[in-house]
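Participant:
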Amino acid sequence: MVAVLCCLVSPPVFPQSARIAEVARVIDGDTLTLTSGETIRLAGINTPEMAYKSRPGEPLAVAARDALQAQVSGGWVGIETAPQAKDRHGRTLAYLFTPDGASIQAALLRAGLASAVVISPNDYYLEGFIRAEDAARRFDRGIWALPYYAPHSPDRVRGGYQFVHGRLSRIEIGEKWFIFSLGQKFVILVRRTDWQTYFGYSPGALDQATIVARGWVSKKKSRSKLVISHPFMFERCGTDPQRLCPAN
Numbered sequence: 007m008v009a010v011l012c013c014l015v016s017p018p019v020f021p022q023s024a025r026i027a028e029v030a031r032v033i034d035g036d037t038l039t040l041t042s043g044e045t046i047r048l049a050g051i052n053t054p055e056m057a058y059k060s061r062p063g064e065p066l067a068v069a070a071r072d073a074l075q076a077q078v079s080g081g082w083v084g085i086e087t088a089p090q091a092k093d094r095h096g097r098t099l100a101y102l103f104t105p106d107g108a109s110i111q112a113a114l115l116r117a118g119l120a121s122a123v124v125i126s127p128n129d130y131y132l133e134g135f136i137r138a139e140d141a142a143r144r145f146d147r148g149i150w151a152l153p154y155y156a157p158h159s160p161d162r163v164r165g166g167y168q169f170v171h172g173r174l175s176r177i178e179i180g181e182k183w184f185i186f187s188l189g190q191k192f193v194i195l196v197r198r199t200d201w202q203t204y205f206g207y208s209p210g211a212l213d214q215a216t217i218v219a220r221g222w223v224s225k226k227k228s229r230s231k232l233v234i235s236h237p238f239m240f241e242r243c244g245t246d247p248q249r250l251c252p253a254n
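Numbering (my numbering), first residue to last: 7 to 254.
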């Protein structure tokens, strides 16, 4: 009987590139800690923010946390560290897998509880993440059904991660940065080195273009800034595959 049961239990099939670790606690939809004390930030996605101090939680933040908890309920995960291994908070940036080899990031994306992001050079699994996000958006799952997460015009942006839609009014070609203005008070910055490495077109091609950018917006008084490093975060309406651009 023991032999039969052994044969019926499938062994874990974590990717060969992954190390195996035990989860101690899920913090939010894209962050957890291991029993070793290491904090893991899931690379390639962003989930809604949980409430913190006086800041209210974003819609579906608890659902995203609970979904990640369900994905790691077995206790053990496969961890593939991203090329840029640490974020500015000292957390390990990594791609996570369940014991059957399934991507945890992709599962959250398919459920509409995360959106795909790329902070160069961490673009592993991007095509699969795009397909997962596209499927969720096509069926209005999760965040994609809520006006809160729709692309906003520059004058309506808040701080933090979001989607911004508008027409570029000015392009500045600097020595270190390319600066794209959406009106008078919102700028998108791309390092020249990142542009040369990842973008396959001239910044001048964006003159008066309508775009949707995704990423973390910082606000200082009445001015807002968004820094990106990869073309996936910068959708050209009418040119790139249309994901966040309005249908009309």
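Note that CB positions come from ideal geometry on N, CA and C, so glycine has one too. From a predicted model like this one, the values you see are computed outputs, not experimental measurements.
1) Roughly how many angstroms separate the alpha carbons of Cys-251 and Leu-212, rounded to a whole number?
2) Relative to the C-alpha of Gln-77, which residue among Gly-107, Lys-59 and Leu-99 is closest?
3) Find the nearest neighbour of Arg-31 within the set Pro-54, Arg-71, Asp-246 and Tyr-58, judged by alpha-carbon distance.
4) Report all residues from its chain with a CB closer than 7 Å to the CB of Ala-88; omit the five preceding and five following residues, and keep chain order.
5) Using 10 angstroms around the beta-carbon of Ile-125, count the other beta-carbons present and answer buried if the total reaches 16, otherwise exposed.
6) Just how far apart, CA to CA, sit Gly-210 and Gly-81?
7) Thinking just about the alpha-carbon of each residue, which of Gln-75, Ala-67 and Gln-22 is nearest to the one in His-29?
8) From the DSSP output, read off the bridge partner residues of Asp-161.
9) My output table needs one value for Ala-9: the three-state DSSP class, helix, strand or coil.
10) Identify the continuous alpha helix (DSSP H) that holds Tyr-204 and give its terminal residues.
11) Report the rounded CA-to-CA distance for Leu-14 versus Pro-105, giving the unit in angstroms.
12) Assign Ser-230 to buried or exposed, taking buried as 16 or more other Cβ atoms, counted over all protein chains shown, within 10 Å of its Cβ.
13) Tell me the start and end of each unbroken beta strand (DSSP E) in the segment 8–89 that is at least 3 residues and wholly inside, in chain order.
14) Give the straight-line distance between the Cα atoms of Glu-55 and Val-123, rounded to the nearest whole angstrom.
Facilitator: Taking the definition as stated:
1) Position 245 of the sequence shown, counted from the first residue, corresponds to residue 251. Position 206 of the sequence shown, counted from the first residue, corresponds to residue 212. If you take the alpha carbons of Cys-251 and Leu-212, they lie about 15 Å apart.
2) As a first step, residue 77 is located in the sequence shown; it is residue number 71 there, counting from the start. Among Gly-107, Lys-59 and Leu-99, the Cα nearest to that of Gln-77 is on Gly-107.
3) Along the sequence shown, one-based indexing puts residue 31 at 25. Cα-wise, what sits closest to Arg-31 is Arg-71.
4) On the sequence shown, residue 88 is found 82 positions in, with the first residue counted as 1. Result list for Ala-88: Ala-49, Leu-99, Ala-100, Tyr-101, Asn-128 and Tyr-130, in chain order.
5) Within the sequence shown, residue 125 is the residue found at index 119, counting from 1. Counting Cβ neighbours within 10 Å, Ile-125 comes out buried, since at least 16 surround it.
6) Within the sequence shown, numbered from 1, the residue matching residue 210 stands at position 204. Within the sequence shown, numbered from 1, the residue matching residue 81 stands at position 75. About 50 Å.
7) For the purposes of this step, residue 29 is taken as residue 23 along the sequence shown, with counting starting at 1. Correcting the residue identity first, residue 29 is Val in this sequence and not His. Measuring from the Cα of Val-29, the nearest candidate turns out to be Gln-75.
8) Against the sequence shown, residue 161 aligns to sequence position 155. DSSP, once it has assigned bridges, lists no residue as partnering Asp-161.
9) What you label residue 9 is simply residue 3 of the sequence shown in a count that begins at 1. Per-residue confidence for Ala-9 stands at a pLDDT of 48, beneath the threshold of 50, marking its modelled position as unreliable; the derived number appears in the next sentence. Of the three classes helix, strand and coil, the one that applies to Ala-9 here is helix, per DSSP.
10) By one-based count along the sequence shown, residue 204 stands at place 198. Where Tyr-204 is concerned, the enclosing alpha helix (DSSP H) stretches over 198–204.
11) In the sequence shown, the residue the question calls residue 14 occupies position 8. In the sequence shown, the residue the question calls residue 105 occupies position 99. Interpretation of Leu-14 is limited by its pLDDT of 48, a score under 50 that renders its predicted location unreliable; the figure taken from the coordinates is listed afterwards. If you take the alpha carbons of Leu-14 and Pro-105, they lie about 15 Å apart.
12) As a first step, residue 230 is located in the sequence shown; it is residue number 224 there, counting from the start. The residue is buried, with at least 16 neighbouring Cβ atoms inside 10 Å.
13) 25–34, 37–40 and 45–48
14) What you label residue 55 is simply residue 49 of the sequence shown in a count that begins at 1. What you label residue 123 is simply residue 117 of the sequence shown in a count that begins at 1. Cα-Cα distance, rounded: 15 Å.
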